[in-house]
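Engineer: Before anything else, here's the structure in question.
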Amino acid sequence: MRKVKLIIGTIFILLVVLGMTAAASKVSFYANITAIEPIMESFEAKTGIKGEYTRISTDKFLATVLTEFEAGKLLADVIQAPLPVLEILKERGVLSTYTSPVAEAYPEWTRKEGIQLFGIEYVALIYNKELVKQEDVPKRYEDLTDPKWKDKIVMANPALHPTTISWLVGLKENIFESEEEWLNFVKGLAANKPMFVASFGPTPAPVESGEKLIAISMPKYIITKAPAPLDWARIEQPLMGTPRAIAVTSSAPNPDGAKAFMDYWLSEEAMSILAKEVGEYVLAPGIFPPIDSIDKAEVLAIRELSDEEIQQWGTEFKKIFAVY
Amino acid sequence: MEIRIKEVSKYYYSEGKTIKALDKVSLTIPSNQIFTLLGPSGCGKTTLLRCIVGLETPDSGEIIIGDEIVWSGKDGINIPTEKRGLAMVFQTYAIWPHMNVYNNVAYPLQIQKIPKEEIRKKVEKTLRFVKLEGFEKRPATNISGGQQQRVALARALVAEPKVILFDEPLSNLDAKLREETRKELRSFLSKLQITAVYVTHDQIEALALSDIIAVMHSGHIVEIGSPREIYFNANHQFVADFIGRANLFKAVVKAQEHDKTIVSSDIGTFVCQKREFPVESKVILCIRPEFIYLKKDRITEEETTGEQNVISGQIDNLIFIGEAYEGEVRIGKEHLMVKLDPETSLKKGDTVNLVVSSNHCLLVSA
Amino acid sequence: MKRDSRLTIILIIIVGFLTVCPVIMLVFGSFSEGLSAFGKFTLEKYIAAYTDPELPKIISNTVIFVLGAALVATILALFLAYLNNRTDIPGKFLFKVISITPMMIPHILFSVSWVLLLNPSNGILNLILKQFFGLENSPFNIYSLWGMILVEGLLDMPIAYLIIAPAMASFDVNLEESSRVCGAGIGQTLAKITLPVLRPAILAAFILCIVRCMASFAVPSVIGMPGRIYVLATHIYQTISVGFAVDYGKAAAIGMSVLVISITLIFLYRYLTSESEKYVTISSRGYHPTIIKLKKAKIPLFFILGLLLFILIALPVLVLIYTSLVPYSMVPSAKAFSMMSLRHWNAVIKDPISILSLKNSLFLGIFGATVGVILSLFVAYTIVRIRTKMSGILESLSFLSFSFPGIVIGIGFMWFFVRTPIYATIWTLLIGYIATYLPYGIRPLSSAFVQIHKHLEESSKVCGAGPLTTMRRIIIPLLVPGIVSGWILMATMFLRELSLSVVLSRPGSEVLAVQILRFSGDGLWGRLSALGIIMIVISTTLVALVSFIGAKLQPAIK
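In order, the protein sequence lines correspond to chains A, B and C. Residues -3 to 320 (the working numbering) are what the first sequence spells out, left to right. Residues 4 to 369 (the working numbering) are what the second sequence spells out, left to right. Residues 10 to 567 (the working numbering) are what the third sequence spells out, left to right.
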């Protein structure tokens, strides 16, 4: 009995020691973008500053950052999130107005007083290239309403997933000629009874496995999920997505490190990693993800929708798609 | 050690009703005696015992063990159980199933941090005393009920307490074993200079074991006395009825003589043991079956004296129980329980004469 | 007694501090304007939450889902516990495996496995059945209420088993035997004696499952959402996560009703078992339960057991292993097998964050469960033995954060911890876990407590042992089965905990489940499965180790 206690006690102490690792000079980076470890590594290799990446999902992003900020405990030096999130944070004074000199190379519209747009969370139609015949692949968004896709589509829940809601609204504003045409498209899509999942993450799996044939999803999965038989439908109309943005915080514990990180993030090197390894669509000129013919595609940033608008549309789509 | 209980009350609340488990009970338990709390279930005897040992907290009153006040409502004294230095044998024995016999018995000494060698000696001695030598290594769950009972006793005795409490310790044993254990217990206890408080609902156990018996009924002590006093001279109908078996009849006092009281009842006029009841007051006549003699023949004048009551009746029923016959005799509309010699020639339907000595006609208040 | 009430008060303070603080934060949040806990007072969130026209439908779904799943879990657990403890069925070690494995599989993985097996388009089982019987349509559709009930029921079964089995094991057979003597058959005895006597344990298991199902999120989101079946947990998610400024105050407002229901259930449970003294069954007269000879029923029952084992353990685990080896989600085929490789395993093992999260989770599992069990021991003692009004309060308190939907309580803890110096350290996880999952320790311990005759403890006191000595020498050794159950429940829970971790974990305090979530967010099922298997292996090792130590500490009884 005594011996057992002693052993257990020793294990605890060891684990406690293991649990507390000392911190060196570092930059803390809160982001909703995933799979960016290679950039963190090359940043440390280049500058000697340790980059600490905290992934926070979009639905908890504001709650976390604002709670920490209001308690005076915001740990982040640099924050990356969808543009609307950073806009809200800017309003609350969480962000500084630092503009990186590297941003000069980016188009004019990507600079927003401290907030820098660097990519687009682009949405496309991703299909299973083994199961969908080449001639069946949609050529226009409207093709999705063809009854042959009934029970074959998977998409993020249009009543709640902000990017999907924005994308549907973006179609109305940028792609379709009239509101009526757009409404017909949405209703036709709904009539095909797509399967809803919580976000983009779970959309490719059913297509890979053949449970569904086509997904309203992101082309980056063609890279991250290779060699899965995924391809994107080269439709005649432009692709669209919500902008990804980054900014330095106003209360950064390590302001110099923060600026260094921001500069590096926007550099051609980091953006190339993001495009090549993660398949992201970046706004740094001339850099494209290694997805066949994506460099020829036109990718539009969707107008920034306010939360009220997203909620209104969410309710609307809830009805049209009979989500409940 | 003497135990004094002063006006101890304990109430339970259940479904909006108050149950008085103990209602201002006062009692002195003298040193080095076997003191029994006897009563039907629910009379409060176990509650009283648990208050003494400290497993139950009274609502008011005072409990003094030796010179120490262990519980006092008004002074806010409450010595916890483990500091009261008592020993107790539980109804379930409470033998710890995860320990062997040795560890069960040694436990009180181990708690006192006595040197191991000394513990070993004492446990050995105690186990020998309760005739369990050689059982040390046995798992406590792997012995018979009687042996478990003795383990529980050994555990209670091992620390040589001044007071030992028993909560119906024999009720889980079979009849034969119960009788043997009762005798053993009596001899164990009389060898030790110890105050024993014994709780039971079994009157035979109480009579056989005790120096003093306190009969309890619904939270009160009804009567205290030696086994003989309780048996022969009960003052209360409840006690007379509860101890042994008794024929009870309503009666009215007719006359008071200098050493006798004469009553009239449904089964006739009786000369009884002297009790100071006013003439014409209502009383209960109590006759124990074992003191009724049955005779088939007519009773001659010589055989009767003024001390004896004679009535006649008819045997309604006879049941053979081995050591005796239990019978019912009808007298008018009433029935009387009687006890007959096992070799009797009387049989059902016989008309008999019953003879009861006035000493065994007990009067208690109605 | 004074000492007892002092203990009760100390525990109320500790447990209250742990559970009330986050809930109070959520109460503030639900009444406050804006996104954090301390805005201007408003009732708007409640009005919006409770005037939703969808609510009646959601509530009816939730009731069916929760009761169904809790019923499946409890009945399965009873069946297994009975077979294991009371019959001569062969292969008893399998029971431990069956009963515990589902707890070690992260719920999200388990749900995904079932989707792969039973989805109507190309679920593996559906494909097999279609081919075998020449059916046109798939016989099963996992995306339905019964699919949710099945999967959630299987996932919660271990909770029920670990509460019912110890009670079943220490059941006084005289009670059953006397019924048999009265002429009742095995079945009648089971229905009229065994089950009623085990009522406290069964009810405890059932209610715990209900509470857990109400807070469950993995199954409703992975299976319910695609089937367009919404229950309260997904409704909350649905309501708040439209848009970027997610309002957890509003979620808390909806969650309050779940809390009220849970607390009501717990009071109901206390009321139903208020005469638990009646059910005392262990005394010192030995408890070697008689074994019922199954005779002819042996083979069919063993077959059922085997089938359960296969469905519960083998299938999902096989699916996990398979998924971790194929490059992407594919239906098993010659091609799939030819493409198998260890690439996902390499990716996981070489990932420094995965390794760190492994260490952290291990620490939280072992240390956290130990602290949790010690606290639970005292709480269970107070609840079962002292049984005053105060201990009733204590019991309800222990359920507070447990009964809140997971996605909400995490935010409550964040709102609370951010005001303390331990924010963003691993200690927030430790405290949060213990506070939220305290019932996992308390339930098995208190149902084990109920089984121990009070006299065993009282007699130690009379022998002069103080309360702590009595605890150490008498109560704890007798409680070993309950302690082992509680520890296993807590440790495996902590190893796969997600709802709190995802909010509270920070660089340096990453844990396994968050890493898994990260993989699932990127749709990386292969890595997800590899890490899931690692988790299962660790949990299995821990469980085996603890069961072994438990058996060592209790040689006299078994």
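Here a beta-carbon is modelled for each residue, glycine too, at the ideal position from N, C-alpha and C. All values reported here derive from a predicted model rather than from experimental measurement.
1) Would you verify that the beta carbon of Y288 of chain C is, or is not, closer than 8 angstroms to some beta carbon of chain A?
2) For a cutoff of 8 angstroms on Cβ pairs, would you count A474 of chain C as touching chain B?
3) Just the Cα atoms here: how many angstroms apart are F284 of chain A and E265 of chain A?
4) Please list, in chain order, all residues of the same chain as P129 of chain C whose beta carbon is under 6 angstroms from its beta carbon, the five residues on each side excluded.
5) Tell me the DSSP bridge mates of F252 of chain B?
6) Comparing the C-beta of T17 of chain C with each C-beta of chain B, is any distance below 8 angstroms?
7) Check the C-beta distance from I287 of chain B over to A369 of chain B and give it rounded, since I have them as a contact under 8 angstroms.
8) Quick check on the DSSP output: the beta strand (DSSP E) that includes I32 of chain B runs from which residue to which?
9) I'd like to know whether the C-beta of V340 of chain C is nearer than 8 angstroms to at least one C-beta of chain E.
10) Grab me the residues of S293 of chain C's own chain with a C-beta within less than 6 angstroms of its C-beta, minus the 5 sequence neighbours each way, in chain order.
11) Who are the neighbours of P111 of chain B on chain C, taking C-beta pairs under 7 angstroms?
12) Compare the C-alpha of V108 of chain B against each of B:F138, B:K194 and B:G79 and name the closest.
13) Do you know how far the Cα of G450 of chain C is from the Cα of V493 of chain C?
14) Taking 8 angstroms as the threshold (beta carbon to beta carbon), is T21 of chain B in contact with chain C?
15) For S225 of chain C, does the count of other Cβ atoms within 10 angstroms reach 16, so buried, or fall short, so exposed?
16) Apart from the five residues just before and just after L526 of chain C, which ones in its own chain have a Cβ nearer than 8 angstroms to its Cβ?
17) Less than 8 angstroms separating the beta-carbons of G421 of chain C and P65 of chain C?
18) Have a look at A:D55, A:V74 and A:G197 and flag the residue whose alpha-carbon is nearest the alpha-carbon of D256 of chain C.
19) Identify whether T60 of chain C lies in helix, strand or coil by the three-state DSSP scheme.
20) Which of the three DSSP states is assigned to S213 of chain A in this structure?
21) Have a look at A213 of chain C and E304 of chain A and give me their C-alpha separation to the nearest angstrom.
22) Grab me the residues of I316 of chain A's own chain with a C-beta within less than 7 angstroms of its C-beta, minus the 5 sequence neighbours each way, in chain order.
23) Does the Cβ of L16 of chain C have 16 or more other Cβ atoms within 10 Å, making it buried, or fewer, making it exposed?
24) Under the three-state reduction of DSSP, which class applies to D165 of chain C: helix, strand or coil?
25) Could you check what DSSP says for I45 of chain A in three-state terms: helix, strand or coil?
26) Using a C-beta to C-beta distance shorter than 7 angstroms, which residues of chain B count as neighbours of P486 of chain C?
27) Can you give me, in chain order, the residues of the stretch 402 to 428 of chain C that have a beta carbon less than 9 angstroms from any beta carbon in chain A?
28) With which residues is A217 of chain B paired in a DSSP beta bridge?
29) Can you tell me the Cα-Cα spacing of M265 of chain C and I219 of chain C, whole angstroms?
30) Any idea what DSSP makes of C275 of chain B, helix, strand or coil?
31) Is V357 of chain C close to chain A, meaning its C-beta is less than 8 angstroms from at least one C-beta of that chain?
32) Mind pulling the chain A residues with CB within less than 7 angstroms of S230 of chain C?
33) Given 8 angstroms as the limit, is there contact between the stretch 35 to 53 of chain C and the stretch 412 to 427 of chain C, that is, 3 or more CB pairs closer than that?
34) Using the beta-carbon of each residue, which ones in chain B are nearer than 9 angstroms to T478 of chain C?
35) Leaving out five residues before and five after A19 of chain A in sequence, what residues of the same chain have Cβ atoms less than 6 angstroms from its Cβ?
36) Chain C partners of I306 of chain A, CB-CB under 8 angstroms?
Structural biologist: To lay it out plainly:
1) One-based indexing of the third sequence puts residue 288 of chain C at position 279. Since pLDDT at Y288 of chain C reaches only 46, below the 50 mark, its modelled position is unreliable, and the value read off the structure follows with that caveat. Chain A, which has no Cβ nearer than 8 angstroms to the Cβ of Y288 of chain C, makes this no.
2) Here residue 474 of chain C is taken as the residue at index 465 of the third sequence, counted from 1. Contacts with chain B at 8 angstroms (Cβ-Cβ) include A474 of chain C.
3) Within the first sequence, numbered from 1, the residue matching residue 284 of chain A stands at position 288. Within the first sequence, numbered from 1, the residue matching residue 265 of chain A stands at position 269. A direct Cα-Cα distance of roughly 12 angstroms separates F284 of chain A from E265 of chain A.
4) Walking along the third sequence from the start, residue 129 of chain C turns up at place 120. Excluding residues within five positions, the ones whose Cβ falls inside 6 angstroms are S147 and N150.
5) Your numbering for residue 252 of chain B matches position 249 in the second sequence. Beta-bridge analysis with DSSP links F252 of chain B to B:L288.
6) Taking the third sequence and counting its residues from 1, the one referred to as residue 17 of chain C is at position 8. False, the Cβ-Cβ gap to chain B never drops below 8 angstroms.
7) By 1-based counting over the second sequence, the position of residue 287 of chain B is 284. By 1-based counting over the second sequence, the position of residue 369 of chain B is 366. So it is a contact: roughly 5 angstroms between Cβ atoms.
8) What you label residue 32 of chain B is simply residue 29 of the second sequence in a count that begins at 1. Segment K20 to I32, the beta strand (DSSP E) holding I32 of chain B.
9) Absent from the structure is chain E; the protein chains it does hold are A, B and C.
10) The sequence position of residue 293 of chain C within the third sequence is 284, counting from 1. Residue placement at S293 of chain C cannot be trusted, given a pLDDT of 41 that sits under 50; what the coordinates show is reported in the next sentence. Counting only Cβ-Cβ distances below 6 angstroms, and skipping sequence neighbours, we find nothing.
11) Here the question's residue 111 of chain B lines up with position 108 in the second sequence. What P111 of chain B touches in chain C: C472 and G473.
12) Against the second sequence, residue 108 of chain B aligns to sequence position 105. Checking every option, the nearest Cα to that of V108 of chain B belongs to B:F138.
13) The residue labelled residue 493 of chain C in the question sits at position 484 within the third sequence. The residue labelled residue 450 of chain C in the question sits at position 441 within the third sequence. Whole-angstrom Cα-Cα distance: 10 angstroms.
14) Start at 1 with the first residue of the second sequence, and residue 21 of chain B comes out as number 18. No, its Cβ sits nowhere closer than 8 angstroms to a Cβ of chain C.
15) Within the third sequence, residue 225 of chain C is the residue found at index 216, counting from 1. Flag for S225 of chain C reads buried.
16) As a first step, residue 526 of chain C must be located in the third sequence, where it is residue number 517. So the qualifying residues of the chain are I117, L507 and V511.
17) One-based indexing of the third sequence puts residue 421 of chain C at position 412. One-based indexing of the third sequence puts residue 65 of chain C at position 56. Contact flag unset, no.
18) Looking up residue 256 of chain C in the third sequence gives position 247. Ranking the options by Cα distance to D256 of chain C, first place goes to A:D55.
19) The sequence position of residue 60 of chain C within the third sequence is 51, counting from 1. In the structure shown, T60 of chain C sits in coil (DSSP, three-state: anything other than H, G, I, E or B).
20) On the first sequence, position 217 is the one that residue 213 of chain A refers to. In the structure shown, S213 of chain A sits in a strand (DSSP, three-state: E or B).
21) Here residue 213 of chain C is taken as the residue at index 204 of the third sequence, counted from 1. Here residue 304 of chain A is taken as the residue at index 308 of the first sequence, counted from 1. Roughly 44 angstroms between the two C-alpha positions.
22) For the purposes of this step, residue 316 of chain A is taken as residue 320 along the first sequence, with counting starting at 1. The answer, listed in chain order, is V182, K183 and A186.
23) Within the third sequence, the letter at position 7 stands for residue 16 of chain C. Buried, by the Cβ-count rule.
24) Taking the third sequence and counting its residues from 1, one reaches residue 165 of chain C at position 156. Three-state DSSP puts D165 of chain C in a helix.
25) Position 49 of the first sequence, counted from the first residue, corresponds to residue 45 of chain A. Coil at I45 of chain A, not helix or strand.
26) To locate residue 486 of chain C, count along the third sequence from 1; it is residue 477. The contacting residues are H101.
27) Flagged, chain order: I416, G419, I420, M423, W424, V427 and R428.
28) Here residue 217 of chain B corresponds to residue number 214 of the second sequence, with the count starting at 1. According to DSSP, A217 of chain B bridges with B:L40 and B:I227.
29) In the third sequence, residue 265 of chain C corresponds to position 256, counting from 1. In the third sequence, residue 219 of chain C corresponds to position 210, counting from 1. Looking at the two C-alpha atoms, the distance is approximately 16 angstroms.
30) Working through the second sequence from its first residue, we reach residue 275 of chain B at position 272. The answer is strand: DSSP assigns C275 of chain B an E or B state.
31) Working through the third sequence from its first residue, we reach residue 357 of chain C at position 348. No, its Cβ sits nowhere closer than 8 angstroms to a Cβ of chain A.
32) Your numbering for residue 230 of chain C matches position 221 in the third sequence. What S230 of chain C touches in chain A: A194.
33) yes
34) Translated into positions along the third sequence, residue 478 of chain C becomes position 469. Listed along chain B, the residues sitting closer than 9 angstroms to T478 of chain C by beta-carbon distance are E85 and I114.
35) One-based indexing of the first sequence puts residue 19 of chain A at position 23. Caution is warranted here: a pLDDT of 40 is assigned to A19 of chain A, below 50, making its placement in the model unreliable, and the coordinate value is therefore given only provisionally. Cβ neighbours of A19 of chain A beyond the five flanking positions: none.
36) In the first sequence, residue 306 of chain A corresponds to position 310, counting from 1. Correct list: V251, G252 and F253.
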